[in-house]
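Numbering (UniProt numbering), first residue to last: 1 to 608.
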């Protein structure tokens, strides 16, 4: 029989937070994503898990050629082996209360055919028939996907012993190679953070991403996007090379965890509407290019397009929201990230950080400028990394030792790129600021922007080191975590079954917490973002490019508000949800119009 398993996935979170999530959840049929960009963390996880399964850990040291790819390949093979062994063990477990095989079936959604067969099985009295159904149930058990993520912009060149750039040895390329050479199947490589032509071109070195038949891939390609245009551009780029994008994973530009890639005021609802209306058009456009490229490479081509999944993530918090996205926008699955940070059975979070997350309110999460990449970054206040950074600043030694060098990109003072969170850069930049004789307010502003930068390579890895008590780097113990704003509404440290039950509407982990709809939450985030930009930069001169950008941003938000009003007026939303949405839209629109009339519009009028 064809089974419908879970229609949600656990997205990549930080570096450590989902680094071993498949070991925790895959045997229950739940898909999750490992970040493979930090090979030092990957090696640490190898060191942790080999003894756990009674095997000898053999280090893969930086002295070895291609060590980065080798570490990744071996770790993914190790995780795959552990998951396969877990599944085989689960298949033979007894159907008794509390057993993992019972958990497997009870966590399935109610509309799953497999869940319905299980419910039928529980009620059977005839021994012979029950044995037949039991055998069928056991045969249908399968693991959730073990997916991996590569942040495309993290792609520094690496040098050999002679100081020469290693061809095809950059961070992202080596990560891709490590994944491609792993024995994972029914797995996806997820590209995030925009297009990297060098990385996409490198796919041509591997046949592992080629289709084995219509819709049949051992290793699929998934692209995380923030709008339809990005999906079309990146999809076409890959299609011309004979690569099919099996899934476009849409993420809210601001209502998400980690790095936030804001759109120009385009909101999630209208974006989803465009995907809904143009999915067939997208598939046809990509297929024409893809099929021609496959044939040009000597393949037979296909008579029809491979399936394309459209999924969405970012700020989803209730069963009603999840169900609406699937029902109205026809998405194939949803991503639930931030809430799973409070599920120790699914993610890897140290105890201190776990408690901070459970107590976090709306004022504890903010869209920071702490990332050395220069991209806005959601940040939780009060973490050990935050305190460690403040301590260094108080001692007059800001910045972090730059050991991992994943985010080196700045050549302002040096020939070789360095990280803006590093001790070296911060010292040089502070000397420059002091020499400029800036007005005090401007000096303090620039100094704060400098000192806010934080080492993410280590900060986003240390939770696993602390959780499992395995050394990562000496004298660097701080943990950074980057939950989405949604964490402010989740306070309960939950079991895996409880969180899955919450997603499917069987339980409610929010209780009496007052929480606006995910669309409203995102709208408010975008209004605050626009206000902050204008306050920081000042009101631009009318007619300037920046003035046009801000005005277009405002108009896009207004169009988004109009879209949501139409949605609320339809019969698609529950009456109480529509009523609350209209109230929230009135409040948000009033704030937006007031801001525009007292800034951009006011300046235009003054100069008219």
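Backbone N, C-alpha and C fix where the C-beta goes; we use that ideal spot for every residue, glycine too. Since we're looking at a predicted model, the values are computed, not measured.
Enclosing alpha helix (DSSP H) for residue i [first to last residue]
i           : result
residue 583 : 575-598
residue 101 : 100-106
residue 288 : 268-296
residue 368 : First-last for residue 368: 365-368, but that is the beta strand (DSSP E), not the alpha helix (DSSP H).
residue 458 : 456-459
residue 609 : Lying outside 1 to 608, the shown extent of the chain, residue 609 is not represented and no answer is given.
residue 371 : From DSSP, residue 371 is part of no alpha helix (DSSP H); its letter is neither H nor E.
residue 464 : 462-468
residue 165 : From DSSP, residue 165 is part of no alpha helix (DSSP H); its letter is neither H nor E.
residue 565 : 545-569
residue 324 : 319-328
residue 434 : 423-435
residue 501 : 496-503
residue 441 : 440-451
residue 359 : 351-359
Residue nearest to residue i in terms of C-alpha spacing, selected from the options
i           : options               : result
residue 16  : 471, 472, 460 and 115 : 460
residue 612 : 524, 84, 199 and 568  : In the structure displayed, the chain extends from 1 to 608; residue 612 sits before or after that span and is not available.
residue 558 : 40, 265 and 123       : 265
residue 307 : 287, 528, 301 and 323 : 287
residue 26  : 429, 58, 412 and 186  : 186
residue 61  : 76, 48 and 43         : 43
residue 563 : 270, 341 and 57       : 270
residue 370 : 234, 75, 235 and 447  : 447
residue 38  : 126, 113, 117 and 170 : 170
residue 368 : 311, 362 and 376      : 376
residue 255 : 293, 337, 428 and 290 : 337
residue 65  : 574, 167, 53 and 89   : 167
residue 242 : 252, 205 and 432      : 205
residue 7   : 246, 82, 503 and 282  : 503
is_contact[residue i, chain D] using C-beta, thresh 8 Å
i          : result
residue 65 : Of the protein chains in the structure, only one exists, and it is not chain D.
Own chain partners of residue i with C-beta closer than 7 Å, once the 5 adjacent residues on each side are dropped
i           : result
residue 278 : 228
residue 407 : 154, 372, 373, 419, 456 and 457
residue 609 : As shown, the chain starts at 1 and ends at 608. That puts residue 609 outside it, with no answer to give.
residue 57  : 46, 47, 50 and 51
residue 590 : none
residue 422 : 399, 400 and 402
residue 211 : 217, 244 and 306
residue 578 : 568
Neighbourhood of residue i by C-beta, 6 Å cutoff - its chain only, sequence neighbours within 5 removed
i           : result
residue 478 : 384, 385, 388 and 459
residue 1   : Caution applies to residue 1, whose pLDDT of 37 falls short of 50 and renders its modelled position unreliable; the value that the coordinates give is listed next. Answer for residue 1: no residue qualifies.
residue 485 : 365
residue 490 : 339 and 342
residue 157 : 165 and 170
residue 12  : 18, 33, 35 and 149
residue 105 : 118
Residue i: first and last residue of the uninterrupted beta strand (DSSP E) it sits in
i           : result
residue 380 : 377-380
residue 235 : No beta strand (DSSP E) holds residue 235; the alpha helix (DSSP H) holding it covers 228-239.
residue 9   : 8-10
residue 223 : 219-225
residue 157 : It is not in any beta strand (DSSP E) - residue 157 carries neither H nor E in the DSSP assignment.
residue 313 : 309-313
residue 335 : 333-335
residue 385 : Note, residue 385: premise wrong, no beta strand (DSSP E); alpha helix (DSSP H) at 384-394.
residue 245 : 245-251
Other residues of its chain near residue i: CB distance less than 8 Å, five sequence neighbours each side excluded
i           : result
residue 20  : 34, 45, 49, 79, 348 and 464
residue 3   : A caution first: residue 3 carries a pLDDT of 45, below 50, which makes its placement in the model unreliable, though a value can still be read off. Correct list, in chain order: 112, 113, 114, 140 and 142.
residue 495 : 343 and 345
residue 182 : 72, 73, 76, 77 and 80
residue 284 : 305
residue 588 : 520, 523, 524, 527 and 561
(request) Evaluate contact between the stretch 399-417 and the stretch 453-465, counting only Cβ atoms and requiring at least three cross-stretch pairs below 8 Å. (result) yes
(request) Could you tell me whether the stretch 171-183 touches the stretch 66-74, where touching means 3 or more Cβ pairs closer than 8 Å? (result) yes
(message) Just to confirm the assignment: which complete beta strand (DSSP E) runs, minimum length 3, are found wholly within the stretch 177-206?
(response) 187-192
(message) Quick check: the stretch 217-237 against the stretch 353-368, are at least 3 beta-carbon pairs closer than 8 Å?
(response) no
(message) So, does the stretch 413-430 touch the stretch 467-478, judging by three or more C-beta pairs under 8 Å?
(response) no
(request) List in chain order: all unbroken alpha helix (DSSP H) runs of 4+ residues lying wholly within the stretch 112-158. (result) 113-123 and 127-140
(request) Assess, as a yes-or-no matter, whether the stretch 521-541 is touched by the stretch 594-607 under the definition of 3 or more beta carbon pairs within less than 8 Å. (result) yes
(message) Report the start-end ranges of each alpha helix (DSSP H) in the stretch 5-86 that is 4 residues or longer and not cut off at the edges.
(response) 21-25 and 39-52
(request) May I ask you to verify whether the stretch 568-587 touches the stretch 310-327, counting CB pairs closer than 8 Å and requiring at least 3? (result) yes
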